[in-house]
Amino acid sequence: MSETQNTNPSTPRDYDKEPIVIEDYNYIFYILYVIWGGIIIAYFYIMNPFDNSNNISKDFWFLHFLVMSALPIITFYFQMKKSKRTIILNENQIFFKENETVLEQIELKHIDSIHRTFNDYYIKNQEVEDWSVILILVFLPINLAIHLINKFLFHLYKSGLKNYKFFDSIIIFDDEGRFINIMPTTAYEYELITEYFRKNLNSNIHTAEIFFKFNYGNEKGANR
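Take the sequence shown: its position 140, counted from the start at 1, is 182 in my numbering, and no numbers get skipped.
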């Protein structure tokens, strides 16, 4: 955990000297979604009961096409692994950074709302075109089921589901529509964030309103 602990709990924490640092894993969920999608498509293609041709060559080229289609997503994953994304919570600002590049920042005095969510909506270029919303609505039950399974498996891997919360993320919006999604992965990180919002904004994240969004897609960087 990239976190400096306050060695004297009786002393109020100076978040400029000891910022809270939360590693961001939200990009992983799109990659997991693509993996599940590929497995499901490959299964139904190969096990197709309406095709008894048993054409091994056709199956090979289909799987080859599937793997090649996934290469941009695989490349994106390793780019993110090589770099590092973090949420930095300071005394007066919250930053979403990739290495030293600030992807988004919000000043506490401009925060408009704080919500709990299970969405992996974390960067503006996840917004989709209007026509895509129709497809998202059609496949929403499947998308939602896969996403929740991915979240469950992720927390099982990270912490063995200790203190697992269905609404596992905190998403904050400012008065200009900027937002940052914070997903703590341990009970300790959740405690730190709880105290941060209580101290700095007099807000109880345990009782924050629920946020849900369906009309968003993958980060555009996954296609680079």
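Positions of the beta carbon are idealized from the N, C-alpha and C atoms, including for glycine. The structure presented is a predicted model; accordingly, all values stated were derived computationally and were not measured.
Give me the DSSP bridge partner(s) of residue i.
{"i": "Ser211", "result": "Thr159"}
{"i": "Val175", "result": "Val175 is not bridged to any residue."}
{"i": "Lys139", "result": "Thr128 and Val144"}
{"i": "Asp216", "result": "Ile153"}
{"i": "Glu251", "result": "His157"}
From what residue to what residue does the beta strand (DSSP E) around residue i run?
{"i": "Arg127", "result": "Arg127 to Leu131"}
Nearest by alpha-carbon distance to residue i: which of the options is it?
{"i": "Leu27", "options": "Gln135, Glu142 and His157", "result": "This structure cannot settle anything about residue 27, because the visible part of the chain is limited to 43 through 266."}
{"i": "Glu251", "options": "Phe160, Asn242 and Tyr67", "result": "Phe160"}
{"i": "Thr128", "options": "Ser201, Ile176, Thr227 and Tyr72", "result": "Thr227"}
{"i": "Gly219", "options": "Ile81, His152, Gln121 and Asn244", "result": "His152"}
{"i": "Tyr119", "options": "Val76, Glu142, Thr236 and Trp173", "result": "Val76"}
{"i": "Lys124", "options": "Asp172, Tyr232 and Tyr67", "result": "Tyr67"}
{"i": "Val170", "options": "Leu195, Asn257, Lys241 and Ile81", "result": "Asn257"}
{"i": "Ile70", "options": "Lys255, Tyr199, Leu131 and Leu179", "result": "Tyr199"}
{"i": "His157", "options": "Asn260, Tyr72, Ile235 and His189", "result": "Ile235"}
{"i": "Pro61", "options": "Tyr232, Glu261 and Tyr238", "result": "Tyr238"}
{"i": "Phe209", "options": "His197, Thr143, Phe215 and Ile178", "result": "His197"}
{"i": "Asn26", "options": "Ile64, Met110 and Tyr230", "result": "The structure shown does not extend to residue 26, since the chain spans only 43 to 266, so no value can be given for it."}
{"i": "Ile272", "options": "Phe86, Ile116 and Gln147", "result": "Past the edges of the chain, shown from 43 to 266, lies residue 272, and the structure says nothing about it."}
{"i": "Gly259", "options": "Leu203, Tyr163 and Ile184", "result": "Tyr163"}
Considering residue i, what are the terminal residues of the alpha helix (DSSP H) in which it resides?
{"i": "Asn242", "result": "Ala229 to Leu243"}
{"i": "Ile188", "result": "Leu182 to Ser201"}
Helix, strand or coil for residue i? Go by DSSP, reduced to three states.
{"i": "Phe221", "result": "strand"}
{"i": "Tyr72", "result": "helix"}
{"i": "Phe258", "result": "What sits at residue 258 in the sequence shown is Tyr, not Phe. Strand, per DSSP."}
{"i": "Val63", "result": "strand"}
Check the C-beta distance from residue i over to residue j and give it rounded, since I have them as a contact under 8 Å.
{"i": "Ile224", "j": "Ser211", "result": "6 Å"}
{"i": "Phe107", "j": "Ile222", "result": "Not quite, the Cβ-Cβ distance comes to about 37 Å (not below 8 Å), so this is no contact."}
{"i": "Ile165", "j": "Leu186", "result": "Not confirmed; about 20 Å, so no contact."}
{"i": "Tyr72", "j": "Glu233", "result": "With a Cβ gap of about 28 Å, Tyr72 and Glu233 do not count as contacting."}
{"i": "Asp58", "j": "Asn132", "result": "6 Å"}
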